[in-house]
Each structure stands twice: as structure tokens, then as C-alpha cells.
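Heads up: take any position in the sequence shown, counting from 1, add 180, and you land on this note's numbering. These notes are about the structure you will find just below.
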Amino acid sequence: MEKMPFRDAEVIMDVNAVIHDARFVTTETDWRQALPVLTGTLVTLRELRLSDAPSLLSMLATEEVARFISPPPTTVDGFERFIAWTHRERAAGNYVCFGVVPHGMDTAIGIFQVRQLEPGFATAEWGFAIGSAFWGTGIFTDGAKLTIDFAFNVVGTHRLEARAAVANGRGNGALRKIGALQEGVLRKSFLRNGEYLDQALWTILDEDWRRAKSVWGPRVH
Ligand SMILES: CC(C)(COP(=O)(O)OP(=O)(O)OC[C@H]1O[C@@H](n2cnc3c(N)ncnc32)[C@H](O)[C@@H]1OP(=O)(O)O)[C@@H](O)C(=O)NCCC(=O)NCCS
């Protein structure tokens with residue numbers, strides 16, 4: 181059990197808040213030790229393994245995938261170091277990275293990441309990249325639903341942000357499709373290949389997600 185960050189009688193007034201906190205401390209401890217395996221219709225999301233490095237290199241280090249995201253590693257060694265880093269950051273409670281494994285395959289063909297923007301993940305940012313051979317297959321939607329559910333139901337996020345370069349048609353299309361709301365444009369906020377790009381800021385709130393799910397049922401179109 182984590183030490184409480186501060187001991188002010190005022191913050192322990194609301195019994196519900198204390199119960200709420202206790203629930204999240206417990207689940208938070210669990211995912212810090214090891215990520216769960218999440219099973220969707222088309223894919224499984226699981227912790228990355230060092231053996232995913234060659235597959236991730238061939239899937240993500242291509243021009244079309246990397247064009248609008250922070251440059252991925254360019255070698256198998258580089259991806260192994262990235263994977264080891266994801267494990268350390270997960271253990272530290274700062275970040276989670278799921279590998280996307282299509283049913284019938286053994287290795288990851290993409291990733292979904294969530295990082296805290298404030299301690300405790302109440303506001304968090306997610307990002308994703310999938311090998312282009314799997315674009316337009318429904319894998320994004322399947323993995324996105326699992327990741328968003330995990331952030332809201334397990335990690336305790338209430339506001340999930342995403343940034344996508346305005347010029348990234350598929351990235352913005354994917355976010356719109358999953359039900360994110362575009363709040364604005366962050367002008368010249370992302371340096372890529374020596375050029376500052378505008379990014380769209382997309383958000384999903386936990387209450388919107390739960391409402392949408394109750395209307396749509398388990399499927400998101
Ligand atoms: C972002 C990514 C994971 C989405 O996966 P995907 O399989 O391509 O996504 P989908 O095909 O399910 O959805 C994309 C939507 O955008 C639409 N779209 C494609 N090009 C578009 C464009 N130029 N403008 C607007 N919408 C576009 C597609 O038609 C699709 O909507 P539809 O299913 O209603 O037709 C994938 O494209 C990827 O890995 N891109 C490279 C990495 C990246 O840019 N990550 C995002 C950082 S925010």
C-alpha cells in the first residue's frame with residue numbers, strides 16, 4: 181500500500197472518496213506489477229516481450245507509420261531497449277504500453293500506450309501505432325476499446341487526451357471514429373523532421389465513454 185501523499189483531515193471527510201481511493205490503490209498496484217491480458221474480437225493486448233522487437237521494427241519503423249509520430253527505434257536493439265523501458269515505466273506507475281497481437285499470431289504488430297499527465301492518471305494521454313498491413317481492418321477499433329476501458333475502469337483515468345498532427349488523416353479519422361471530441365488545435369506544438377506541426381487535441385471523458393457504451397452496446401462503429 182502506498183503512503184498517502186499528505187495527511188490533511190479535510191481530505192478524509194468524504195467516506196465515498198476514501199473507498200474510491202482504496203479501490204484504485206489496489207488495482208493500480210496490480211497493473212504496476214504486470215499488465216493484464218485483454219482479449220478483444222480481433223486482437224489480444226498484452227505486455228510487450230523482448231521477442232516482439234523484430235516484428236515491431238518491421239511494422240512501425242516504416243515511413244508511412246512513422247511519418248507523424250515521434251521517431252520509433254530503427255534497429256532490433258533499439259526496440260529491445262524501448263520494450264525494457266516500457267516495463268520500467270509500468271513498474272514505476274507512470275505509463276503502460278500494450279502490444280497488439282492479432283488472434284492467430286504470436287508477436288505484436290502495433291502498440292497502444294497510456295501515460296499519466298498528472299500523478300495518479302486522472303488526466304492521461306494515449307497514443308497508438310499499428311503496422312500498415314493491418315490498417316483498415318478493424319484492429320484499431322478493437323484495440324482502442326480495450327485500451328480506453330482499461331484506462332477508465334482500471335487505471336482510474338477520467339480524461340483521456342490524444343494529440344494527432346493535423347496533417348495525419350488516418351490518426352484524426354481514427355480518433356473521431358472512436359468517439360473522441362476535438363477540443364482545439366495546438367499550434368506548432370510538435371517538432372518533426374525539423375518542422376513544427378500543428379496538432380489536434382482530442383479528448384474522451386469517462387462519463388462520455390460510459391454513456392456511449394450504454395447506447396451502442398459492446399460495439400463501437
Ligand atoms: C492511427 C492508426 C492506428 C489507425 O488505424 P487504422 O487501421 O488506420 O484506422 P481505421 O482505418 O480503423 O480508421 C481510420 C479512419 O480514418 C479515415 N481516414 C483515412 N484517411 C483519412 C483522411 N485523409 N482524412 C480523414 N479521414 C481519413 C478512414 O476512412 C477511417 O474511417 P472509416 O473506418 O470510418 O472509413 C494507424 O493508421 C497508424 O498506425 N498510423 C500511423 C501511426 C499514427 O499516426 N498514430 C496516431 C498518432 S495520433
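Yeah, the Cβ is synthetic: ideal placement off N, Cα and C, and Gly gets one too.
- Beta-bridge annotation (DSSP): Phe278 is paired with Glu227, Phe292.
- Proximity to Arg268 across Arg212, Ala342, Ala345, Gln379 peaks at Arg212, based on C-alpha coordinates.
- In the DSSP assignment, Glu244 falls within the unbroken alpha helix (DSSP H) covering 243-246.
- Here the segment 246-262 lies against the segment 220-237, with 3 or more beta-carbon pairs under 8 Å apart.
- The alpha-carbon separation between Asp386 and Val276 amounts to approximately 18 Å.
- For Ile249, there is no enclosing alpha helix (DSSP H), as DSSP gives it neither H nor E.
- Taken from the Cβ of Ile263, every heavy atom of ligand 1 lies 8 Å or farther away.
- Take Gly307, set aside five residues on each side of it, and the residues of its chain with a beta-carbon closer than 6 Å to its own are Gln293, in chain order.
- For the options Gly300, Ile291, Gly318, Leu215, the alpha carbon positioned closest to that of Leu222 is the one of Gly318.
- Minimum Cα-Cα distance from Lys325 among the listed residues Gly220, Leu237, Ala347 corresponds to Gly220.
- Annotated three-state conformation of Leu240 is helix, per DSSP.
- Contact annotation: the segment 362-378 touches the segment 343-354, with at least three C-beta pairs closer than 8 Å.
- Between Leu237 and the set Trp389, Arg295, Gly290, Ala342, the nearest pair of CA atoms involves Gly290.
- Distance check between Arg390 and each of Met239, Ser369, Gly359, Glu305 places Gly359 closest, using alpha-carbon atoms only.
- Collapsing the DSSP output to three states places Glu260 in a helix.
- In this structure, the straight-line span from the alpha carbon of Gly353 to that of Thr321 is close to 11 Å.
- Contact between Gly323 and Leu215 fails: their C-beta atoms lie close to 13 Å from each other, not under 8 Å.
- In this structure, the C-beta of Asn373 stays at least 8 Å away from each heavy atom of ligand 1.
- Look at Phe370 here: in three-state DSSP terms it is strand.
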